[in-house]
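**Student:** Line by line, the protein sequences give chains A and B. First residue of the first sequence? That's 385 in this note's numbering, and the numbers climb one at a time after it. First residue of the second sequence? That's 36 in this note's numbering, and the numbers climb one at a time after it.
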Amino acid sequence: MDIRFDGLSVHYADGSCALSGISFAVPPGQFCVILGHSGAGKSTLLRTVNGLVPASSGSVVIGGKAVVPATLPALRRRIGMIHQHFALVPRATVATNVIAGAAPDMPLWRTLPGIYTDAHRAKACALLAAVGLEEAHLQRRAEHLSGGQQQRVGIARAFMLDPAIILADEPVASLDPRISREVLELLREQARARGTTVLCSLHQLDLARAFADRIIALKNGSVVFDGPPALLDARDVAEIYAERPLRLAAVS
Amino acid sequence: MTATAAIERPWRLPHPYGWRSLAIAIGALLLVFYTGQRVEMGRMLALTGQAVLSQVGLADRSQVAEGLGSAIGRLVPLQISDRQEIGRIENFDAGHLPWFSHLEVVETREDRLDPLTSKMASHAVKTSYLVRPLGYVQHVALKMLETLEIALWGTLIAILIGLPLAMLSAPATMPLAPVRTAARGIVSFFRAIPELISALFLVIAYGFGPIAGVLALGIYAAGFLGKFYAEDMENADPRPQEALVAIGAGRLATWRFAILPQVMPQYIGYTLYILDRNVRMATVIGLVGAGGIGQELKGRYDMYEYGHVGTILIAIFLVVLLLDQSNARLRRAFL
Numbered sequence: 385m386d387i388r389f390d391g392l393s394v395h396y397a398d399g400s401c402a403l404s405g406i407s408f409a410v411p412p413g414q415f416c417v418i419l420g421h422s423g424a425g426k427s428t429l430l431r432t433v434n435g436l437v438p439a440s441s442g443s444v445v446i447g448g449k450a451v452v453p454a455t456l457p458a459l460r461r462r463i464g465m466i467h468q469h470f471a472l473v474p475r476a477t478v479a480t481n482v483i484a485g486a487a488p489d490m491p492l493w494r495t496l497p498g499i500y501t502d503a504h505r506a507k508a509c510a511l512l513a514a515v516g517l518e519e520a521h522l523q524r525r526a527e528h529l530s531g532g533q534q535q536r537v538g539i540a541r542a543f544m545l546d547p548a549i550i551l552a553d554e555p556v557a558s559l560d561p562r563i564s565r566e567v568l569e570l571l572r573e574q575a576r577a578r579g580t581t582v583l584c585s586l587h588q589l590d591l592a593r594a595f596a597d598r599i600i601a602l603k604n605g606s607v608v609f610d611g612p613p614a615l616l617d618a619r620d621v622a623e624i625y626a627e628r629p630l631r632l633a634a635v636s
Numbered sequence: 036m037t038a039t040a041a042i043e044r045p046w047r048l049p050h051p052y053g054w055r056s057l058a059i060a061i062g063a064l065l066l067v068f069y070t071g072q073r074v075e076m077g078r079m080l081a082l083t084g085q086a087v088l089s090q091v092g093l094a095d096r097s098q099v100a101e102g103l104g105s106a107i108g109r110l111v112p113l114q115i116s117d118r119q120e121i122g123r124i125e126n127f128d129a130g131h132l133p134w135f136s137h138l139e140v141v142e143t144r145e146d147r148l149d150p151l152t153s154k155m156a157s158h159a160v161k162t163s164y165l166v167r168p169l170g171y172v173q174h175v176a177l178k179m180l181e182t183l184e185i186a187l188w189g190t191l192i193a194i195l196i197g198l199p200l201a202m203l204s205a206p207a208t209m210p211l212a213p214v215r216t217a218a219r220g221i222v223s224f225f226r227a228i229p230e231l232i233s234a235l236f237l238v239i240a241y242g243f244g245p246i247a248g249v250l251a252l253g254i255y256a257a258g259f260l261g262k263f264y265a266e267d268m269e270n271a272d273p274r275p276q277e278a279l280v281a282i283g284a285g286r287l288a289t290w291r292f293a294i295l296p297q298v299m300p301q302y303i304g305y306t307l308y309i310l311d312r313n314v315r316m317a318t319v320i321g322l323v324g325a326g327g328i329g330q331e332l333k334g335r336y337d338m339y340e341y342g343h344v345g346t347i348l349i350a351i352f353l354v355v356l357l358l359d360q361s362n363a364r365l366r367r368a369f370l
């Protein structure tokens with residue numbers, strides 16, 4: 385499915401502006417990296433896609449359907465999400481964490497006692513194998529896995545409902561550089577195999593260059609660059625990472 | 036540049052305690068002394084000191100030491116056996132005595148008026164008793180079992196009422212604020228009724244026996260569990276919950292996948308505490324007739340049968356001791 389942002393602005397309750405006048409479209413199957421430093425509005429942009437943050441003005445349209453409260457329940461099932469801090473349940477097993485990704489597809493009589501269908505169990509196993517975990521990990525608690533392994537579980541969970549779109553919110557921010565590359569490689573490979581559109585926020589320039597089909601750079605809530613990695617030159621980079629006026633000095 | 040050069044004027048770092056703290060401390064101390072005097076803490080110290088002195092031979096007599104001594108003295112010898120007049124046992128069959136029991140015949144002499152001679156005459160009266168050497172211990176054990184059963188069911192009912200109330204009063208599971216407020220109100224109300232008080236009224240409603248006990252324990256503990264279950268849900272890490280909400284999972288599914296596994300260790304902890312508390316409270320509420328060992332204790336105490344009371348007290352002590360041990364084991368197994 386494609387994603388289209390039309391003059392999207394987000395203002396928070398305290399009056400601060402997180403995004404202003406964002407307009408661009410992501411075609412199906414693209415691996416689109418949202419680049420920018422902390423506070424540039426990357427997370428907010430991703431969250432408007434599945435309605436975790438409502439648009440103040442403008443709109444987000446997914447596959448021809450606008451993201452509004454009425455369409456959210458149906459749309460959210462088609463949108464997987466990968467989180468910066470993995471957002472796994474530490475005490476639950478790896479298998480349960482992945483199966484939880486199919487929660488919207490389960491009747492409550494299965495969810496509450498934890499009796500899952502063979503199809504869901506088989507799918508969780510297949511996905512965990514695809515992201516490079518072992519059968520021995522299935523019954524381990526998520527908290528006993530390394531950071532890289534936990535994010536692999538996060539990726540497996542995001543693919544449980546065969547989403548058309550995956551939102552990856554700083555998926556490697558808490559991982560070391562080598563593991564970061566492995567995890568992003570895996571995410572891109574899984575998305576390619578399924579034709580999934582990926583919107584992935586990153587703050588590391590080198591990773592964005594290495595993995596993106598297209599880079600969209602945000603600064604102070606506005607798009608300052610949009611194009612393939614090859615076109616991102618030193619001047620753009622300087623613009624993206626130019627220091628904001630340091631407001632810490634104002635603290636009295 | 037030295038570190039001090041960066042500071043234009045000396046920074047002010049106040050002492051942790053100032054005049055305000057001192058005033059609060061003095062106020063608190065005065066309050067403690069005032070209330071202490073009202074609840075006769077001075078007399079308590081004097082009496083206890085006198086009791087200690089009398090024990091080491093430095094004071095003549097002490098009201099406290101004598102009182103305690105006579106109370107404890109009356110508890111021994113402990114009542115172990117059980118003796119019942121066979122005439123009062125229904126369907127008594129001398130051929131089939133219960134295990135380890137024997138018959139005892141006691142001959143007493145009674146003076147009775149002889150209707151023929153109109154004179155008092157002495158008669159020998161034989162009474163047969165069924166003696167079970169461990170009968171009373173057995174009886175106490177059965178009553179103790181009933182107490183444990185009351186505590187167990189009180190805990191089950193508390194979970195069955197407390198968990199739904201907690202879910203109705205936590206924002207993660209109940210979006211409607213008025214419902215949350217109402218559920219919290221019910222939880223506070225339940226927690227505000229001590230078991231002993233509610234047992235008094237429930238005994239009137241349901242009659243003497245374990246029903247009143249189970250309900251009294253269940254209602255208070257539901258208030259306790261409802262509050263603490265809900266608090267833990269509110270403090271649970273929101274990130275896994277958001278992950279479930281983001282893919283369109285419903286509230287109950289989010290609760291089951293993202294909240295319950297997080298709070299389970301605390302839930303088990305609270306529930307074990309309630310089970311422990313219920314066993315101890317179940318002995319107490321028996322005093323107002325709500326079944327179990329407490330009811331037996333009250334009955335014997337009212338009949339001045341202090342030997343029986345002693346046996347019961349030791350049984351309670353042993354059970355609480357056992358409970359502590361098993362509770363520690365359960366905690367280690369679950370947490």
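Backbone N, C-alpha and C fix where the C-beta goes; we use that ideal spot for every residue, glycine too.
Restricting to runs no shorter than 4 residues, where is the alpha helix (DSSP H) found entirely within the segment 274-334 of chain B?
**Tutor:** Correct list: 286-289 and 295-320.
**Student:** Cβ closer than 9 Å: which chain B residues qualify as neighbours of Pro-488 (chain A)?
**Tutor:** Residue mapping note: residue 488 (chain A) aligns to position 104 of the first sequence, counting from 1. Within chain B, the residues near Pro-488 (chain A) are Leu-279, Ile-282, Gly-283, Ala-284, Gly-285 and Ala-288.
**Student:** What is the residue span of the beta strand (DSSP E) that Asp-117 (chain B) lies within?
**Tutor:** Against the second sequence, residue 117 (chain B) aligns to sequence position 82. Start and end: 117-120.
**Student:** With Met-385 (chain A) and Gly-442 (chain A) assumed to form a contact (beta carbons below 8 Å), what rounded beta-carbon distance in angstroms separates them?
**Tutor:** Walking along the first sequence from the start, residue 385 (chain A) turns up at place 1. Walking along the first sequence from the start, residue 442 (chain A) turns up at place 58. Contact flag wrong, Cβ pair sits at about 19 Å.
**Student:** Going by DSSP, which residues form a beta bridge with Thr-162 (chain B)?
**Tutor:** Taking the first residue of the second sequence as 1, we reach residue 162 (chain B) at position 127. B:Val-141, per the DSSP bridge assignment.
**Student:** Run through DSSP, which three-state label would Ser-443 (chain A) get?
**Tutor:** For the purposes of this step, residue 443 (chain A) is taken as the residue at position 59 of the first sequence. If DSSP states are grouped into helix, strand and coil, Ser-443 (chain A) belongs with the strands.
**Student:** Measuring straight from C-alpha to C-alpha, what distance separates Gln-574 (chain A) and Pro-411 (chain A)?
**Tutor:** Residue mapping note: residue 574 (chain A) aligns to position 190 of the first sequence, counting from 1. Residue mapping note: residue 411 (chain A) aligns to position 27 of the first sequence, counting from 1. Spanning the two alpha carbons is a distance of roughly 17 Å.
**Student:** Is the segment 244-251 of chain B touching the segment 274-284 of chain B, taking contact as three or more C-beta pairs under 8 Å?
**Tutor:** no
**Student:** What distance in whole Å lies between the Cβ atoms of Ile-466 (chain A) and Ala-542 (chain A), which are believed to be in contact at a cut-off of 8 Å?
**Tutor:** Along the first sequence, one-based indexing puts residue 542 (chain A) at 158. Along the first sequence, one-based indexing puts residue 466 (chain A) at 82. Rounded, the Cβ-Cβ distance is 5 Å, consistent with contact.
**Student:** What would DSSP say about Ser-89 (chain B), mapped onto helix, strand or coil?
**Tutor:** Residue numbering aside, residue 89 (chain B) sits at position 54 when the second sequence is read from its first letter. Three-state DSSP puts Ser-89 (chain B) in a helix.
**Student:** List the whole-angstrom C-beta distance separating Arg-144 (chain B) from Ala-159 (chain B), where the pair is believed to meet the contact cut-off of C-beta under 8 Å.
**Tutor:** Translated into the one-based positions of the second sequence, residue 144 (chain B) becomes position 109. Translated into the one-based positions of the second sequence, residue 159 (chain B) becomes position 124. Right, their Cβ atoms sit about 6 Å apart.
**Student:** So, using beta-carbon positions, are Leu-570 (chain A) and Arg-536 (chain A) closer together than 8 Å?
**Tutor:** Start at 1 with the first residue of the first sequence, and residue 570 (chain A) comes out as number 186. Start at 1 with the first residue of the first sequence, and residue 536 (chain A) comes out as number 152. Yes, these two residues count as a Cβ contact at 8 Å.
**Student:** So, with DSSP's three-state summary, where would you put Asp-272 (chain B)?
**Tutor:** Here the question's residue 272 (chain B) lines up with position 237 in the second sequence. Coil at Asp-272 (chain B), not helix or strand.
**Student:** Excluding sequence positions up to five away, which residues of its chain have a Cβ less than 8 Å from the Cβ of Ala-520 (chain A)?
**Tutor:** As a working note, residue 520 (chain A) is residue 136 in the first sequence. For Ala-520 (chain A), where only same-chain residues beyond five positions count, there are no Cβ hits under 8 Å.
**Student:** For Ile-549 (chain A), tell me which candidate among A:Asp-489, A:Cys-584, A:Ile-599 and A:Glu-623 has the shortest Cα-Cα distance.
**Tutor:** One-based indexing of the first sequence puts residue 549 (chain A) at position 165. Ranking A:Asp-489, A:Cys-584, A:Ile-599 and A:Glu-623 by Cα distance to Ile-549 (chain A) puts A:Cys-584 first.
**Student:** Just verifying my parser: in three-state terms, what is the DSSP assignment at Leu-148 (chain B)?
**Tutor:** In the second sequence, residue 148 (chain B) corresponds to position 113, counting from 1. Correct three-state label for Leu-148 (chain B): strand.
**Student:** For a test of the three-state rule: what should DSSP assign to Thr-580 (chain A), helix, strand or coil?
**Tutor:** Position 196 of the first sequence, counting from 1, holds the residue named residue 580 (chain A). Three-state result, Thr-580 (chain A): coil.
**Student:** Whose CA, out of A:Arg-462, A:Ala-471, A:Leu-419 and A:Ser-404, lies closest to the CA of Ala-439 (chain A)?
**Tutor:** Within the first sequence, the letter at position 55 stands for residue 439 (chain A). The shortest C-alpha separation from Ala-439 (chain A) is found at A:Ser-404.
**Student:** Would a check of beta-carbon distances place Ser-636 (chain A) closer than 8 Å to chain B?
**Tutor:** Against the first sequence, residue 636 (chain A) aligns to sequence position 252. Its pLDDT being 39, under 50, Ser-636 (chain A) is placed unreliably in this model, and the coordinates cannot settle the point.
**Student:** Take Gln-360 (chain B) and list the residues in its own chain whose beta-carbon comes closer than 7 Å to its own, dropping the five residues that flank it on each side.
**Tutor:** Looking up residue 360 (chain B) in the second sequence gives position 325. Around Gln-360 (chain B): no qualifying Cβ.
**Student:** Rank B:Ile-347, B:Arg-367 and B:Leu-356 by C-alpha distance to the C-alpha of Leu-177 (chain B) and give the top, closest one.
**Tutor:** As a working mapping, residue 177 (chain B) is identified with position 142 in the second sequence. Nearest of B:Ile-347, B:Arg-367 and B:Leu-356 to Leu-177 (chain B), Cα basis: B:Ile-347.
**Student:** Which word fits Glu-139 (chain B), buried or exposed, when buried means at least 16 other C-beta atoms lie within 10 angstroms of its C-beta?
**Tutor:** Within the second sequence, residue 139 (chain B) is the residue found at index 104, counting from 1. Exposed: under 16 other Cβ atoms inside 10 Å.
**Student:** Using a Cβ cut-off of 8 Å, which residues of the segment 292-314 of chain B contact any Cβ in chain A, in chain order?
**Tutor:** The segment 292-314 of chain B vs chain A, Cβ under 8 Å: Phe-292, Ala-293, Pro-296, Gln-297, Met-299 and Pro-300.
**Student:** Please classify Glu-554 (chain A): is it buried, with 16 or more other beta-carbons within 10 angstroms of its beta-carbon, or exposed?
**Tutor:** As a working note, residue 554 (chain A) is residue 170 in the first sequence. Classification for Glu-554 (chain A): buried.
**Student:** With distance defined between alpha-carbon atoms, name the residue in A:Leu-545, A:Val-515, A:Glu-527 and A:Pro-457 nearest to Leu-568 (chain A).
**Tutor:** Position 184 of the first sequence, counting from 1, holds the residue named residue 568 (chain A). Of the candidates A:Leu-545, A:Val-515, A:Glu-527 and A:Pro-457, the one whose C-alpha sits nearest the C-alpha of Leu-568 (chain A) is A:Val-515.
**Student:** What alpha helix (DSSP H) runs, 4 residues minimum, are completely inside the segment 496-584 of chain A?
**Tutor:** 502-514, 531-542 and 561-578
**Student:** Less than 8 Å between the beta carbons of Val-444 (chain A) and Ala-526 (chain A), yes or no?
**Tutor:** Counted from its first residue, the first sequence places residue 444 (chain A) at position 60. Counted from its first residue, the first sequence places residue 526 (chain A) at position 142. No, the pair does not count as a contact, with Cβ atoms beyond the cut-off.
**Student:** Consult DSSP for Asp-386 (chain A) and reduce its assignment to one of helix, strand or coil.
**Tutor:** Counting from one through the first sequence, the residue named residue 386 (chain A) turns up at place 2. If DSSP states are grouped into helix, strand and coil, Asp-386 (chain A) belongs with coil.
**Student:** Please confirm if the segment 429-437 of chain A is in contact with the segment 252-261 of chain B, defined as three or more CB-CB distances below 8 Å between the two stretches.
**Tutor:** Three or more beta-carbon pairs separated by less than 8 Å are not found between the segment 429-437 of chain A and the segment 252-261 of chain B, which leaves the two stretches without contact.
**Student:** Cβ of Arg-44 (chain B) less than 8 Å from any chain A Cβ?
**Tutor:** As a first step, residue 44 (chain B) must be located in the second sequence, where it is residue number 9. It does not: the Cβ of Arg-44 (chain B) has no partner Cβ on chain A nearer than 8 Å.
**Student:** Using 8 Å as the Cβ pair cut-off and three pairs as the minimum, do the segment 278-293 of chain B and the segment 470-490 of chain A touch?
**Tutor:** The answer is yes - the segment 470-490 of chain A touches the segment 278-293 of chain B, with three or more Cβ pairs under 8 Å.
**Student:** Leaving out the 5 sequence neighbours to the left and right, which residues in its chain are closer than 8 Å to Leu-459 (chain A) when beta-carbon positions are compared?
**Tutor:** If you number the first sequence from 1, residue 459 (chain A) lands on position 75. If we look at Leu-459 (chain A) and ignore the five residues flanking it on each side, its Cβ neighbours are Asn-434, Gly-435, Ile-446, Lys-449 and Val-451.
**Student:** Which runs of the beta strand (DSSP E) at least 3 residues long sit entirely within the segment 580-610 of chain A? Give them in chain order.
**Tutor:** 581-586 and 598-603
**Student:** So for Val-635 (chain A), helix, strand or coil by DSSP?
**Tutor:** The residue you call residue 635 (chain A) lines up with position 251 of the first sequence. Model confidence at Val-635 (chain A) stands at a pLDDT of 41, short of 50, so the residue's coordinates are unreliable; what they give is reported in the following sentence. It is coil, neither helix nor strand.
**Student:** Between the segment 186-202 of chain B and chain A, which residues of the former have CB atoms less than 7 Å from a CB of the latter, in chain order?
**Tutor:** Against chain A - using a Cβ distance shorter than 7 Å - the segment 186-202 of chain B contributes no residues.
**Student:** List, in order along the chain, the chain B residues whose C-beta lies closer than 9 Å to that of Leu-492 (chain A)?
**Tutor:** Taking the first residue of the first sequence as 1, we reach residue 492 (chain A) at position 108. By Cβ distance, chain B contributes Gly-285, Leu-287, Ala-288 and Arg-291.
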